[in-house]
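I have placed the structure first, in the form of C-alpha cells, so that the comments after it can refer back to it.
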Amino acid sequence: MIRIGVTGTDTGVGKTVVSCALAAGLRRAGLRVAALKPVETGVAFDDPARDGARLSRAAGGILPLVETAPITLPDPVAPLVAARACGAPIDLGFLDDVVRAAESKTDALIVEGAGGLLVPVTQSLAYDDLFERWRLEVVLVAANRLGVINHTRLTLAHLRRRGLTLRALVLNQLDAAPDRSARDNAALLAEVEGVHVVETPHLESADDFDSLSDQLLPHVFPELEFAGGPLARR
Ligand SMILES: Nc1ncnc2c1ncn2[C@@H]1O[C@H](COP(=O)(O)OP(=O)(O)OP(=O)(O)O)[C@@H](O)[C@H]1O
Ligand SMILES: [Mg+2]
-4 MIRIGVTGTD TGVGKTVVSC ALAAGLRRAG LRVAALKPVE TGVAFDDPAR
46 DGARLSRAAG GILPLVETAP ITLPDPVAPL VAARACGAPI DLGFLDDVVR
96 AAESKTDALI VEGAGGLLVP VTQSLAYDDL FERWRLEVVL VAANRLGVIN
146 HTRLTLAHLR RRGLTLRALV LNQLDAAPDR SARDNAALLA EVEGVHVVET
196 PHLESADDFD SLSDQLLPHV FPELEFAGGP LARR
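Here you go:
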C-alpha cells in the first residue's frame, strides 16, 4: 500500500497540482487510488474547482466527493478556525474512519493537507500529527522562488524532528516568470540538506497532469516499474 501525505511550505504552492499528478500517474499505472482532502475550507461542497473535486477526478472517481473531502467548511481560514466558526470541532474519529475506508478500497492513498505542516486541525493536533497517525510518507511541495530555501529548510527540520519520512521534495515552478533565485534553489537545497530535489515546470494548463506525472513518478516512486523513464501507460 502506498501512503503519501502531501504538504507544502505555504498555502497555494501547488499541493493539489502535485497530488493530482501523483494520483493520475498511479492510476495510469493500474493502481486504485484514493486522493483525499480531509478538511477543505473556503469552498462550497459542490464547487467543481475545489481541491476535493480536482483530487477526485484525478484519482478516477473511485470515491464519491463526500469520502474524498469529508469535511468542508465555508470560511477561508485554517481548519481549526473554520471549525470554530461553525461551532463544530473537527471529529478525528470520523476522519480516521474515512481514511480507513479509503485504504480498504485502494492500493494508494494520497492525503493533501491544508497550508503547511503545522496548520492546526484541532487545538492539540496539526497536519504533522495526522500524517504520523495515518502513517503517511511526506511529499513536500515548495514554490521555486526567492524565500523557498528558508521555508523548505524549516519544514525539513520539523519533519526530521518528528521522525516523519520524506518521500520527495518538489520545487514547483509556480510563477510563469521565474525570479533569479529559481535557477539555483534546487541545487542549493540539495547541497545544504542532502536531499534529492524534483523540479516541476510551470504548466500552461494546471489540469494537464500527464506530462507532470511522467516527470514526478520516477522520482517519487522509484520502486515502481517504469518503461524507459516515463511510467508505462496501461
Ligand atoms: N506548476 C504550475 N504551473 C502553473 N500553475 C500552477 C502550477 N502549480 C500550481 N499552479 C496553480 O497555482 C494555484 C495554486 O496551486 P494549488 O491549488 O495546487 O496549491 P495548493 O498548495 O494546493 O493550495 P491550497 O493551500 O489552497 O490547497 C492553482 O491555481 C494552480 O493551478
Ligand atoms: Mg490544495
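The sequence shown begins at -4 in my numbering and counts up one residue at a time. Even for Gly, the Cβ is constructed at its ideal location relative to N, Cα and C. From a predicted model like this one, the values you see are computed outputs, not experimental measurements.
| Item | Value |
| --- | --- |
| For the beta strand (DSSP E) containing Glu220, list its first residue and its last residue. | No beta strand (DSSP E) holds Glu220; DSSP gives it neither H nor E. |
| List the DSSP bridge partners of Pro59. | Pro59 pairs with nothing; no bridge assigned. |
| Just checking: is the beta-carbon of Gly7 within a distance shorter than 8 angstroms of some beta-carbon in chain B? | In the structure shown, chain B does not exist; there is a single protein chain. |
| For Val72, which residues of its own chain have a beta-carbon under 7 angstroms away from its beta-carbon, when the five flanking residues on both sides are left out? | Thr36 |
| Determine the extent of the beta strand (DSSP E) in which Gly82 is found, giving its start and end residues. | Careful: Gly82 lies outside any beta strand (DSSP E) and carries neither H nor E. |
| With a threshold of 16 other CB atoms inside 10 Å of the CB of Leu125, please say whether the residue is buried or exposed. | buried |
| When you get a sec, list the residues whose CB is within less than 5 angstroms of any heavy atom of ligand 2, chain order please. | Lys10, Thr11, Asp46 |
| With DSSP run on the structure shown, which of helix, strand or coil describes Asn167? | strand |
| Over what stretch of residues does the beta strand (DSSP E) that includes Val114 continue unbroken? | No beta strand (DSSP E) contains Val114, which DSSP labels as neither H nor E. |
| Could you check if Gly223 is buried or exposed, using at least 16 other CB atoms within 10 Å of its CB as the buried criterion? | Because Gly223 sits at a pLDDT of 41, beneath the cut-off of 50, its placement in the model cannot be relied upon, and the point is left open. |
| What does DSSP give as the partner residues of Gly0 in its beta bridges? | Val106, Val133 |
| May I ask you to check if the CB of Gly110 is nearer than 7 angstroms to at least one heavy atom of ligand 1? | yes |
| Reducing DSSP to helix, strand and coil, say where Thr67 ends up. | strand |
| Just the C-alpha distance for Arg148 and Val215, rounded to the nearest angstrom, thanks. | 19 angstroms |
| How close, in whole Å, do the beta carbons of Val133 and Leu159 come, if the pair is a contact with beta carbons under 8 angstroms? | 5 angstroms |
| Measuring alpha carbon to alpha carbon, tell me which of Ala53, Gly55, Asp42, Leu112 ends up nearest Thr67. | Asp42 |
| Any contact between the region 0 to 11 and the region 76 to 86? By contact I mean 3 or more CB pairs, one from each, below 8 angstroms. | no |
| For Val1, which of Pro65, Thr150, Glu218, Ala177 has the nearest alpha-carbon? | Thr150 |
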